[in-house]
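Asker: Residue numbers (our numbering), protein chains in the order written: chain H, 3 to 413; chain B, 3 to 413.
No residue lacks a Cβ here, since even glycine has one placed at the ideal position from N, Cα and C.
These numbers were taken from a predicted model, which means no experiment stands behind them.
My structure is below; once you've seen it, I'll send some questions.
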DNA sequence: TCAACGTGATGATGCGCATTATTAACGCGG
DNA sequence: CCGCGTTAATAATGCGCATCATCACGTTGA
């Protein structure tokens, strides 16, 4: 048994050339004034075929070449538990794309968790090096780390839109803004006018986008934006009824299932009395739970696209850092930021509003256990200020700040 | 920005020692007559801490060291789509274990598919090399490839019991035999006597084990083994009723959901008239489908255990092939083959047999659309011959061949 | 006084490949 | 006959690390 794996030197010997020549043939030669005659080229190629030579990735990488290994790193404390997790489906897409691309996937499961999120420090950096490039998942990325990636010109792609200073960061995101607008439109088309929004806390990009979409769509229809945001779901349900909302859109992380329970507990049926549209897939689908209407984030597709993009970046980069500071021909800027559409989902939580609700308020007939009507949420604007740092957003038609409008409404 | 990543040489310079010394300190020095005084050791350690040095995996690997990267290879044509697939849950467990172990996971998604299964030829071999060791998934392993792994002393662990010449192959499997026996016992304990088995085709290990368990348990209770195996599920359902079986155990790949449909179509309720126990998790769970009784394979746990075992093998091996042919102290043989218990699942498809069924046959009252009663399956022994090559099985109490018994029964 | 030995560390080498610098052979005009 | 440009290929180097063979320097025992 050839304990000694076949190397370029072996191939070279068989072809009667030098190791360097083999390397040149394998890599298209071009680098400097090196030429290989078509004849020897064929000889080498034959030798490779006969010996079944295959490059040693470690050696390739050490010498500055490419490995055909792409990495996946996540900022979340726990690595995508491939299905239970929100991030799981991305991995599925990534795997799929990797198969087609013929690359291997390296999961950086070893990165240490510090302060509830994974860090890319120290050993992290070095480990990244085995891969030609890396996919980044999760919300809580670290500025310093990113800067380092940028500085070293290490190819990477984010999964999930990057708002702040996003034009520097390649990403594949989902069109939360547009999809949310469509949900409002669906409701409006059925006759809904009092449409609420639940779940606007958090400064993560999806939430910001959903809120933006909601605001824009409501405004476009001349409707009033109403935010329901209470710590307690029971209170929230009460508030929805108190405000005589006929529909709410809600982000999936806000326990829609439980919200519906609370609503029905108070005599309001879903969707007959209150339609509920989910702005994404349910996070913890209940066994035999509702089939939610709303939209779904094409997570697998995002994974696929992200890996393809990364693959292109790597190819463009040639894996080497550019010594002259000038970028290789590379990838057109348009592809650097991809926003994928989120298709609507036809579920069982969307219905026409009740006729009487349309005509006149009769919410009083609905039970309001311990609802404090005057307690309209005032927190819906607390973090409005942070929108200022998002002005450098790239695409999406810019929407003016409608803070004042909201303020008058939510009183 | 230090484009030049920190190397052992840098650390050495700071500590005022040679690069070799740094390497020794990092690896516990021992190799030959090398000694490092505690003082310099500390000096080096400090330098490492200060510089934040971390080894370059590619270089380590090239020089014959370990990478802390463990690979996952699958023989299936498609890589475990991390949840839809049967193999998905294993990956989840593997990820989990990897996090705790502090290793990275390399998915060999690039291996080419030949003849419907992935191959480890050529480039495959080399790519394996980046990882310290590798987990193997799937049924259709190739002899030649395994032999090569064995020859090169490359550390690997199978997920799933390996019957044929299993003592040479480290694996983590599930106790299909025992679990299947328990299912029969559950049924018998409720009063079932006419218990059938469906889904015995195939020579994969799980199937062999299930059949073995069924046979053993039936025999232990003095009951008659009855195999139902028809190409058409409708026929199978008819056969079950014709034979007046009050219960069947069925492997999950045999469309239990559809079988139940067919049974009920013929007026036999599940489980009231026929109990159905599933020998594993359902493969394609239907939305709002039955909650199956039976047992479940602890797939995540298997993934975890497998990775742990692999990790130990790697550590024992030192990553180097043994030049003298003698194994490193290593892992006790007992751990090389792990069989995990499959806990019972309490579902809704198990019930006491009908009183009248117990007393006297009255199957005639049940509809038998186009059942050919005389058509007892004769195929249930066609591949019995291949059991001969399994005589070298390791653990599990050996069970004598009961072919004759079955033959008399199935007439 | 010197060989024998233990201690603490270093220099050199090679893993397999990419790449740069250099060489060899050849044709050709002056 | 020499210098020059062109083509075709090679030698040499280094990536970062593990390891083997050595070496310098005491300490002992005879």
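Quick one: what's got a C-beta closer than 6 angstroms to residue 126 of chain H's C-beta in the same chain, skipping five residues either side?
Answerer: For residue 126 of chain H, where only same-chain residues beyond five positions count, the Cβ hits under 6 angstroms are 113.
Asker: Which residues, in chain order, does the stretch 101-118 of chain H contribute to contact with chain B at a C-beta distance below 7 angstroms?
Answerer: Of all residues in the stretch 101-118 of chain H, 101, 104, 105, 106, 107, 108, 109, 110, 111 and 112 have a Cβ within less than 7 angstroms of some Cβ in chain B.
Asker: Just how far apart, CA to CA, sit residue 23 of chain B and residue 333 of chain H?
Answerer: Residue 23 of chain B and residue 333 of chain H: Cα-Cα distance of roughly 45 angstroms.
Asker: Which same chain residues end up closer than 6 angstroms to residue 199 of chain B when comparing Cβ atoms and leaving out the 5 residues on each side of it in sequence?
Answerer: Here the set comprises 216, 229 and 251.
Asker: DSSP state of residue 277 of chain B, grouped into three classes?
Answerer: Three-state DSSP puts residue 277 of chain B in a strand.
Asker: Using the beta-carbon of each residue, which ones in chain H are nearer than 8 angstroms to residue 127 of chain B?
Answerer: Residues of chain H passing the Cβ test: 7 and 56.
Asker: When you compare only the Cα positions, how much space is there between residue 122 of chain B and residue 12 of chain H?
Answerer: Whole-angstrom Cα-Cα distance: 21 angstroms.
Asker: At a CB-CB cut-off below 8 angstroms, which residues of chain H make contact with residue 97 of chain B?
Answerer: Within 8 angstroms Cβ-Cβ: 81, 82, 83, 84, 109 and 111.
Asker: Name, in chain order, the residues that DSSP records as bridge partners for residue 340 of chain H.
Answerer: Residue 340 of chain H is bridged to H/174.
Asker: Any idea what DSSP makes of residue 202 of chain H, helix, strand or coil?
Answerer: In this structure, residue 202 of chain H counts as coil in the three-state DSSP scheme.
Asker: Within the 8 angstroms Cβ cut-off, does residue 43 of chain H reach chain B?
Answerer: With 8 angstroms as the cut-off, residue 43 of chain H does not count as an interface residue toward chain B.
Asker: Just confirm the distance between the C-beta atoms of residue 108 of chain B and residue 81 of chain B, as a whole number of angstroms; I'd bet it's less than 8 angstroms.
Answerer: Actually they do not touch by this definition, with Cβ atoms about 12 angstroms apart.
Asker: Please go through the same chain and pick out, in chain order, the residues whose beta-carbon is closer than 6 angstroms to the beta-carbon of residue 77 of chain B, but skip the five residues on each side of it.
Answerer: So the list reads 119, 120, 140, 142 and 143, once near-sequence residues are dropped.
Asker: For residue 191 of chain B, which of B/245, B/219 and B/292 has the nearest alpha-carbon?
Answerer: Checking every option, the nearest Cα to that of residue 191 of chain B belongs to B/219.
Asker: To the nearest whole angstrom, what separates the beta carbons of residue 170 of chain H and residue 248 of chain H, a pair I think is in contact under 8 angstroms?
Answerer: That belief does not hold up - the Cβ atoms of residue 170 of chain H and residue 248 of chain H are roughly 43 angstroms apart, past 8 angstroms.
Asker: Output the boundary residues of the beta strand (DSSP E) element that contains residue 295 of chain B.
Answerer: Looking at the DSSP string, the run of the beta strand (DSSP E) that includes residue 295 of chain B is 295-297.
Asker: Could you tell me whether any Cβ in chain B is nearer than 8 angstroms to the Cβ of residue 347 of chain H?
Answerer: With 8 angstroms as the cut-off, residue 347 of chain H does not count as an interface residue toward chain B.
Asker: Anything in chain B within Cβ reach of residue 131 of chain H, meaning under 9 angstroms, just list it in chain order.
Answerer: Correct list: 7, 58, 59 and 60.
Asker: Let me make sure I understand the geometry here. Which of B/43, B/237 and B/214 has the alpha-carbon closest to that of residue 227 of chain B?
Answerer: Residue B/214 is the option with its Cα nearest to residue 227 of chain B.
Asker: For residue 173 of chain B versus residue 164 of chain B, is the C-beta distance shorter than 8 angstroms?
Answerer: Cβ atoms of residue 173 of chain B and residue 164 of chain B: closer than 8 angstroms.
Asker: Could you name the residues of chain H that residue 70 of chain B contacts, counting a contact when the two beta carbons are closer than 7 angstroms?
Answerer: The contacting residues are 112.
Asker: Quick one: what's got a C-beta closer than 7 angstroms to residue 291 of chain H's C-beta in the same chain, skipping five residues either side?
Answerer: Excluding sequence neighbours, residue 291 of chain H sits near 259.
Asker: Could you tell me the alpha carbon to alpha carbon distance between residue 277 of chain B and residue 181 of chain B, rounded to whole angstroms?
Answerer: Approximately 17 angstroms, taken between the alpha carbons.
Asker: Less than 8 angstroms between the beta carbons of residue 210 of chain B and residue 235 of chain B, yes or no?
Answerer: Result no, Cβ atoms of residue 210 of chain B and residue 235 of chain B do not sit closer than 8 angstroms.
Asker: On the DSSP letters alone, give me the boundaries of the beta strand (DSSP E) that residue 106 of chain H sits inside.
Answerer: Looking at the DSSP string, the run of the beta strand (DSSP E) that includes residue 106 of chain H is 106-109.
Asker: What does the alpha-carbon distance come out to for the pair residue 310 of chain H and residue 103 of chain H?
Answerer: Rounded to the nearest angstrom, the two C-alpha atoms are 8 angstroms apart.
Asker: Of the residues B/45, B/7, B/61 and B/31, which one's Cα is nearest the Cα of residue 14 of chain B?
Answerer: That would be B/45, whose Cα lies nearest to the Cα of residue 14 of chain B.
Asker: To the nearest angstrom, report how far apart residue 374 of chain B and residue 224 of chain B are at their CA atoms.
Answerer: Reliability fails at residue 374 of chain B, whose pLDDT of 39 lies under 50, so the model's placement of it is uncertain and no value is given.
Asker: Would you call the stretch 60-79 of chain H in contact with the stretch 265-274 of chain H, where contact means no fewer than 3 C-beta pairs closer than 8 angstroms?
Answerer: No contact exists between the stretch 60-79 of chain H and the stretch 265-274 of chain H.
Asker: Is it true that the CB of residue 301 of chain B sits closer than 8 angstroms to the CB of residue 54 of chain B?
Answerer: It is not a contact, given that the beta carbons lie outside the stated cut-off.
Asker: For a test of the three-state rule: what should DSSP assign to residue 130 of chain B, helix, strand or coil?
Answerer: Residue 130 of chain B falls in the helix class under three-state DSSP.
Asker: So with CB distances below 7 angstroms, who are the chain B contacts of residue 64 of chain H?
Answerer: Ordered by position in chain B, the residues that pass the 7 angstroms Cβ test against residue 64 of chain H are 60, 61 and 64.
Asker: In or out: residue 238 of chain B buried (at least 16 other Cβ within 10 Å) or exposed?
Answerer: Buried.
Asker: Which of helix, strand or coil does DSSP assign to residue 485 of chain B?
Answerer: Nothing can be reported for residue 485 of chain B, as the shown portion of chain B is limited to 3 through 413.
Asker: Between the stretch 280-309 of chain B and chain H, which residues of the former have CB atoms less than 8 angstroms from a CB of the latter, in chain order?
Answerer: Correct list: 290.
Asker: Do you know how far the Cα of residue 265 of chain B is from the Cα of residue 105 of chain B?
Answerer: The alpha-carbon atoms of residue 105 of chain B and residue 265 of chain B are separated by roughly 50 angstroms.
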